[in-house]
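Structure, as C-alpha cells:
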Amino acid sequence: MSNIYEVIDGFGIEETQKNKLIVCLMKNREVREELFLALQSLQTKESKMSLLKDFISDEHQGQRPLSPSAESSRYKRTKMLAEDWEKDTRKITLFARTAIDLDLNKEVIIVPPLPGTESETHIYKHHCYDYFKKIILESKKHKRFCITGNPGTGKTFFGRYIMSVLLKEGSELLVDDASYPHLYLITRDEMNDFDVEWVQNEDYGRVAGRDNVWCIIDGKPPRVNHDFDTGKLIMVSSPKELNIKNFCKPVNITIKVYMQIWSEAELEEYRSLIYPEFSKDNLHESYQLCGGIPRIIFKYTLDEIDDMITASVDNINTRLFRYIGTVSEGDVYSHNLVHIHTNEKQINVIINERTFFRLPYTSCELKFASTIIASVSLLGSVRGY
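Counting from 1 along the sequence shown, just add 423 to a position and that's the residue number in this note's numbering.
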C-alpha cells in the first residue's frame, strides 16, 4: 500500500514545491490523510496534478514574498528538513516493521538503526530486562516507569527493546529521544502498515494521553509536568536531576528501577556473543580497573580507560558523592569512580517494628567501581578503604 509521499513523488512536481508540500503534510496528520483520500478518489493523473497545484497554492497564499537570498535560504532549510524527515521516517518504519517479527526470547536481538544512529544495534538481553518488561506491562498502579543507573549499562538498549515489545503488543509509540530532531508518533493502521507522524510540542500532552499510546523518553527531561497523570510514560536516563526529578515526583504512580552494574560473567557472555574478537584477558584487566560498565570496557583500550580513571581521580573530591544516585545528578568523573548497585531480589526493611519490602532493582547503594580506584582515590582514604 503506497503512502502520500510516494504518491507525490510520482507526479514529478518541481523540487522546491515538493519539499514545501512534504513539510506541510508531515506537520498535520489530518490534512495528510484527507489529501491522500482525495487523490485516490480522482481517476486521471491530470486531475490529481491539478489538485496538488491548488493545494500548494492555497497553502502558501498570502505569505509575504521573500527576497532572493531569503528565498534561497528558506529553500535550503526546507529541502534539508524534508530530506531529514524522509530519512528518519524510513528508519523508524523499518525499525517498526522489523520489531513486530523479532523473537524477543533470543539472547541477542538485532534491530535496525533509528534516527541518530547509522548502524544496526545488537541488544544483549540482560537478565533484568524481563523483570522491567513485566512491571511495565502488568502494573495496575504505575503509569510512569523510570529506568536509570550509571551511564553505559544498557538503558538506551532497553529503551529499544521495550519499543519492540510494545510494537508487538499493538501499541502506538510517542518517541522523544535526545538524539532525534523531532517528536515522532508511530502508529499502525488496519492494513498493518506503519505511519510516522511529526508531533508538535504543543500537541504532546494530547497525544500522550491517548489510551493506546506509550511515551518513550530517552536522555532528556519530560515535556509534561509532574501533575500529568493520563498517559503512560517510560523514561530511560542517567541519574540526572534535570531529567528525572519531576518525572519521578508523583510517587503514587511512578516506579524507579536501576540498571545493575554488570558482573564479569555477564560481560564475558556479552563478549562471546557480540565481540568474539575482543580478548578475554583484556576484558578481565579492564574489569579489574573500571568495574562492570560494558560501554567503557568494549569501547576503550586499557590505556584509555586508565587515562579516564586517572583524570577522574584527579578531579574528584568529597563533594562529588552528593551528586550520585540518591541526589540524582552525577558527572563524568563521579560515574567513572562510583557505581550504583541495586537489589536483584526483593528485600525487607524493618522500621519501627513494621516490615516494609522493596521490589527488585529499586534500592540504591554506592560503591567504588573497583578496589584499584578505592585504593588511589582520596575518598577511599577518607572512608578507610
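Yeah, the Cβ is synthetic: ideal placement off N, Cα and C, and Gly gets one too.
Using DSSP's beta-bridge definition, name the partner residues of residue i.
i, result
"Thr677", "Arg567"
"Asn771", "Phe780"
"Leu596", "Ile609, Trp637"
"Glu727", "None; Glu727 has no bridge partner."
"Lys655", "Trp637"
"Leu789", "Ile763"
"Phe617", "Arg611"
"Val622", "Leu606"
Would you mind sorting residue i into buried or exposed? The rule is 16 or more other CB atoms within 10 Å of its CB.
i, result
"Gln486", "At Gln486, the pLDDT of 46 sits below 50, so the modelled position is not reliable; the number obtained from the coordinates is stated separately. Gln486 comes out exposed."
"Asn666", "buried"
"Phe651", "buried"
"Ala392", "For residue 392 there is no data in the structure shown, the boundaries of the chain being 424 and 808."
"Ser490", "Note on Ser490: pLDDT 48, under 50, position unreliable in the model; the coordinate value appears next. Result: exposed."
"Gln711", "exposed"
"Gly539", "exposed"
"Asp507", "exposed"
"Ala519", "buried"
"Thr733", "exposed"
"Phe581", "buried"
"Leu444", "buried"
"Pro604", "exposed"
"Val772", "exposed"
Tell me which residues share the same chain as residue i and place their Cβ nearer than 6 Å to its Cβ, disregarding the 5 neighbours each side in the sequence.
i, result
"Pro673", "His649"
"Ile436", "none"
"Tyr627", "Arg646"
"Thr794", "none"
"Phe721", "Tyr698"
"His758", "Asn573, Pro574"
"Leu590", "Ala519, Ala522, Ile523"
"Glu438", "none"
"His762", "Asn573, Ile684, Gly714, Lys790, Ala792"
"Arg455", "Ile427, Leu448"
"Gly632", "Thr653, Gly654"
What whole-angstrom Cβ distance do residue i and residue j have, given they're in contact under 8 Å?
i, j, result
"Phe434", "Leu475", "6 Å"
"Ile570", "Asp599", "Not confirmed; about 15 Å, so no contact."
"Leu690", "Pro717", "6 Å"
"Tyr781", "Ile774", "For clarity, residue 781 is Arg in the given sequence; the question names Tyr instead. Not a contact, Cβ separation roughly 12 Å."
"His565", "Ile678", "5 Å"
"Ile684", "Gly715", "4 Å"
"Val680", "Thr785", "6 Å"
"Met731", "Trp621", "With 8 Å as the limit, Met731 and Trp621 do not qualify as a contact, their Cβ atoms being about 38 Å apart."
"Leu597", "Val636", "5 Å"
"Ile676", "Ile609", "With a Cβ gap of about 24 Å, Ile676 and Ile609 do not count as contacting."
"Pro783", "Tyr552", "Not confirmed; about 13 Å, so no contact."
Sorted by chain position, which residues of the same chain lie with C-beta nearer than 7 Å to residue i's C-beta, five sequence neighbours on each side aside?
i, result
"Ile585", "Lys556, Ile559, Ile657"
"His545", "Val531, Ile533, Ile697"
"Leu462", "Val430, Lys471, Leu474"
"Ser709", "Ile720, Leu725, Ile728"
"Ala601", "Asp641, Gly642, Lys643"
Going along the chain, which residues of its own chain have a beta-carbon closer than 8 Å to the beta-carbon of residue i, five neighbours each way excluded?
i, result
"Asn624", "Leu606, Arg646"
"Lys468", "Phe434"
Item to check | Those runs of the beta strand (DSSP E) which lie wholly inside the segment 502 to 553 and span at least 3 residues | outcome: 531 to 534, 544 to 547
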